[in-house]
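Data first, discussion second: the structure below is written as structure tokens.
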Amino acid sequence: MIKNCLSDIGHRTLIMGILNVTPDSFSNGGLFVSIESAIEHANKMIEDGADIIDIGGESTRPGAEAVPVDVELNRVIPVISELSKSTNICISIDTYKSSVAKIAIDNGACIVNDISALSDPDMAEVVAKSGVSIILMHKKGSPKDMQISPHYDSLIDEIIQYLQDKINIAEKSGISPDKIVIDPGIGFGKTVDHNLEILRRLGEFKSLGKPILIGTSRKSFI
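Per our numbering: the sequence shown = residues 1227 to 1448.
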């Protein structure tokens, strides 16, 4: 049975704890590559008030290289499986690969945090059939090149239009409208000024009618 991870949205702000089981992430990279250390850290975040634990097996820091599916699965699935068995926390899988998302869902993930916003043509179907929630994030370029002179003619308008297009794709694919969250993608193909403008004008994203995720943890502009 899929947990309804977003049932409290609209009543209070939810806190997402980030658990990167990677050797090279800018947030805790290399610290939690063993199952034991990862679970220990997840439990600490839960004790500290996290509502969701977001587990990632591929770094998306600027300049990061993609990793093979089998490597990503070997990193995340044991942690997701153990955390799902030992706690009632909502688990988010941070991946843009539908094959990883499907197995993560089968092992207890109830949110797919997709930084590519459905660029994998099979992702929407995986999410729709499973009934989990999805986070659609805006980015410009890939992690490898996204911070090389990012430019926008109209930053907020471009992000809103991008996210609206992705929402339309998600809903036409059968994903329930109340299972969609948007993320303007702070730090993903943005300069410091872009990031600050997003924060200043965050209210404008309400026009999309979806809950908004803001990921500012350990971003260099803070």
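For each residue, glycine too, the CB sits at the ideal point set by N, CA and C.
All figures in this text were calculated on a predicted structure; none of them were measured in a lab.
Are the beta-carbon atoms belonging to residue i and residue j less than 7 Å from one another?
i, j, result
"G1243", "I1265", "no"
"I1281", "I1319", "yes"
"D1404", "M1363", "no"
"S1310", "G1334", "yes"
"P1376", "K1436", "no"
So, helix, strand or coil for residue i, using DSSP?
i, result
"D1379", "coil"
"S1310", "helix"
"V1293", "coil"
"G1243", "strand"
"L1362", "strand"
"G1255", "Its pLDDT being 47, under 50, G1255 is placed unreliably in this model, and the value from its coordinates should be taken loosely. Reduced to three states, the DSSP call for G1255 is coil."
"G1282", "strand"
"L1434", "helix"
"R1409", "Before going further, note that residue 1409 is Asp rather than Arg in the sequence given. Here D1409 sits in strand by DSSP."
"D1419", "helix"
"I1440", "coil"
"D1346", "coil"
"S1318", "strand"
"I1424", "helix"
"T1389", "The sequence given here places Leu at residue 1389; Thr does not occur at that position. Note: L1389 maps to helix in three-state DSSP."
"P1369", "coil"
In terms of residues, what are the limits of the alpha helix (DSSP H) holding residue i?
i, result
"M1271", "1261-1273"
"S1325", "1324-1332"
Under the assumption that residue i contacts residue j (Cβ atoms under 8 Å), give the Cβ distance between them as a whole number of angstroms.
i, j, result
"T1321", "E1298", "7 Å"
"S1359", "I1386", "21 Å between Cβ atoms; not a contact."
"V1302", "S1325", "With a Cβ gap of about 12 Å, V1302 and S1325 do not count as contacting."
"R1427", "I1393", "That belief does not hold up - the Cβ atoms of R1427 and I1393 are roughly 19 Å apart, past 8 Å."
The beta strand (DSSP E) spanning residue i covers which residue range?
i, result
"I1401", "Neither: I1401 is in no beta strand (DSSP E) and is coded neither H nor E."
"D1340", "1337-1340"
Query raised in the report: Is the stretch 1371-1388 in contact with the stretch 1312-1326, if contact means three or more CB pairs nearer than 8 Å?
Result: no
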